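In terms of the working numbering, the sequence shown opens at residue 309 and continues consecutively. These notes are about the structure you will find just below.
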Amino acid sequence: MPNEHVSSDDSGSGRSVLDTGMVPLGERALRSILGHVIAVGDEAETTYLEAKSSLDVESKVGTAKVAKFLLGAANRRPQEAARHFHGYAVLVIGAEKGKASGVGRGVEAHELEDRLRPYLGPQFPAFEFGRVGVGADKEVLFVIAQPPQEGQTIFPCHKNFQGEDRRDNLEDGAIYVRGTSNTRPARSGEVLALVERARGGGKPPIDLEVEVLGSICRVDRVEEVLESLRDYQEEQFSKQPELADDAFALATIRLASSVFGSSRALSAAEREAALVVWRNGKTEHIAKGREHLLGVGLSGVGVRVVSRDRFVAKPHLIVTFHGCELFDHLDPDDADFEKAVEPVLRSRDPFQPALDHSSLRLLPRDYPVAWGNRGEDAEVVLTPESFRPNVPWTSYQDDYVIVTRDPQVSSVEVTWVLTEDGNDAVTSGEFRVSTGERIDAADLFKAVFPSGD
């Protein structure tokens, strides 16, 4: 837990360091808190610590002040309270800046509890009581409130008190909370937060099992193979029509009717101009070719999730595959040589629509899976309606493929973060997944285009 540190100053300026990561129980911890109060006085007061220089806890006003502190401490939000003192809150009685005068010895914890009970009510949680002697007949008292818990009810005041100072007043039915350095009536938003705290009861912590279905692929030499195919294509295109040694080159060169609007063959200048444009697009062409080759050539990946003994409402689960990249999974029947290796001049079939439907991915608006790349990692976001207790929820394996950025690795790290609708808690986990066998891009290309299209 984070610790709050007040800068120490050995020159005697009165600054001190308080470790709020400790549990404020036991004499050593109490003396540390007392030393901090003596060093900084009122500056020590926070949502989890209050100090009174003098207070007669046997008087009505003294009892009311202690009750008010305990009510405010009990009506804190568990997550916020847990940041300091492991959720405990401490009232120090008998100390101020520069000294610890203490109060008279003889205060009995059970007698104080009896006086407090009418204000706190019968269901109020127990509190701790501590003391540190500061003289023959004096001691500093510590009233220590328990950490608030999810599922606890709201604790209202059960009895009126009217004191000479209206700031000490208590009202039957009022809800008190801890402010920055005092206890005050709750505002509307704070009441609603306490209602949510009460609703959290009975729910066990989220225990999630996340499993990857399918293979995390390793593919080597993709760019090298695609560049080699580009070189071959350029070589064939650059030949004179009568010298071209395959039908592909001849067909490419004779695209004049569809590209330039006439039936004549391309001139040398036109071929050179087409090559310049094509060469300038090399980086983009290889990136798109790589995306198409991997999308049609590799198997897809899915995620299976099981929530153990717990219903999770409207989950938002982010699964990150570190050191990986992700591509849309494509149907093998959509394999297109010209998408893998961009031609110098793309053919145009007058009987085929200009729109390429194979590149469209039409998903329902409420589709519970989204995917993309974030930096050097691949990220999958799952937003189903719910995770039911002990019932596997599984995504399809035809949405995306995942490839390691380094084809040499034998496993990858996978982390996940889950949030739930209506719950401030964040649940996370991590595991490693073995990668598939390394694939050479040339072999993959031959498998996708077996006829050498």
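The C-beta atom is built at its ideal place from N, Cα and C for all residues, glycine as well. Remember, predicted model here, so these are calculated numbers, not experimental data.
Helix, strand or coil: which one does DSSP assign to S340?
helix
Count the other C-beta atoms from every protein chain shown that fall within 10 angstroms of the C-beta of L428, then say buried if there are 16 or more, exposed otherwise.
buried
Looking at T712: is its Cβ nearer than 7 Å to the Cβ of L726?
Between T712 and L726, the C-beta gap is not smaller than 7 Å, which leaves the two residues out of contact.
CB-CB under 6 Å to V567, same chain, minus the five flanking residues each way: which ones, in chain order?
A caution first: V567 carries a pLDDT of 39, below 50, which makes its placement in the model unreliable, though a value can still be read off. Contacts found: L653.
Please classify E472 as buried or exposed, where buried requires at least 16 other C-beta atoms within 10 Å of its C-beta.
exposed
With DSSP run on the structure shown, which of helix, strand or coil describes A408?
coil
V754 by DSSP, collapsed to three states: which one?
A small correction: the amino acid at residue 754 is Lys; Val does not occupy that position in the sequence shown. Helix at K754.
What's the C-alpha gap between E646 and G597?
The alpha-carbon atoms of E646 and G597 are separated by roughly 8 Å.
Any idea if D707 is buried or exposed, counting beta-carbon neighbours within 10 angstroms, 16 or more meaning buried?
buried
Check I514 in the structure and name its three-state DSSP category.
Here I514 sits in coil by DSSP.
Is N490 buried or exposed, if buried means 16 or more other CB atoms sit within 10 Å of its CB?
exposed
Candidates S607, P386 and V613: which alpha carbon is nearest E517's?
V613
According to DSSP, which residues form a beta bridge with L690?
L625 and V677
To the nearest whole angstrom, what separates the beta carbons of T628 and D685, a pair I think is in contact under 8 Å?
For T628 against D685, the beta-carbon gap comes to about 5 Å, under 8 Å, which counts as contact.
DSSP three-state label for K467, please.
Coil.
Do the CB positions of L342 and V440 come within less than 7 Å of each other?
yes
State the Cα-Cα distance for the pair E542 and V584, rounded to the nearest angstrom.
11 Å
Can you name the start and end residues of the alpha helix (DSSP H) that K368 belongs to?
K368 to A382
Among V611, R495, D445 and K368, which one has its Cα closest to the Cα of V476?
The amino acid occupying residue 476 in the given sequence is Asp; Val does not appear at that position. Ranking V611, R495, D445 and K368 by Cα distance to D476 puts K368 first.
Run through DSSP, which three-state label would K360 get?
strand
Is A397 near A453, with beta carbons less than 7 Å apart?
yes
If we ignore side chains and look at the alpha-carbon of each, how far apart do E721 and K467 end up?
57 Å
Quick one, which of A749, P464, T702 and P692 has its alpha-carbon nearest L521's?
Checked all of A749, P464, T702 and P692; the closest Cα to L521 is T702.
Can you pull the DSSP bridge partners for V614?
E517
So, with DSSP's three-state summary, where would you put R391?
Reduced to three states, the DSSP call for R391 is coil.
Could you give the C-beta distance for F437 and A417, rounded to a whole number, given that I count them as a contact under 8 Å?
The C-beta separation of F437 from A417 comes to about 4 Å, placing the pair in contact by the 8 Å criterion.
Whether or not the region 602 to 611 and the region 492 to 512 are in contact is what I'm after, with contact meaning three or more pairs of Cβ atoms, one per stretch, closer than 8 Å; do they touch?
The region 492 to 512 is not in contact with the region 602 to 611.
Alpha carbon to alpha carbon, what distance is there between A755 and N731?
49 Å
Just to confirm my understanding: we take D748, look at its own chain, exclude 5 residues before and 5 after, and list those with CB closer than 7 Å. What are they?
D528 and R529
Short check: CB of C525 to CB of L606, under 7 Å?
yes
What's the gap between the Cα of G497 and the Cα of C465?
Taking C-alpha positions only, G497 is separated from C465 by approximately 18 Å.
Does the distance from the C-beta atom of P697 to that of R618 stay below 7 Å?
yes
Looking at the secondary structure, which residues open and close the beta strand (DSSP E) in which P426 lies?
That residue, P426, is in no beta strand (DSSP E); its alpha helix (DSSP H) goes A417 to L428.
Can you check whether the CB of P456 is closer than 7 Å to the CB of R507?
no
Measure the alpha-carbon distance for L638 versus F753 and round it to whole angstroms.
15 Å
In terms of residue numbering, what span does the beta strand (DSSP E) encompassing Y708 cover?
Y708 to T712
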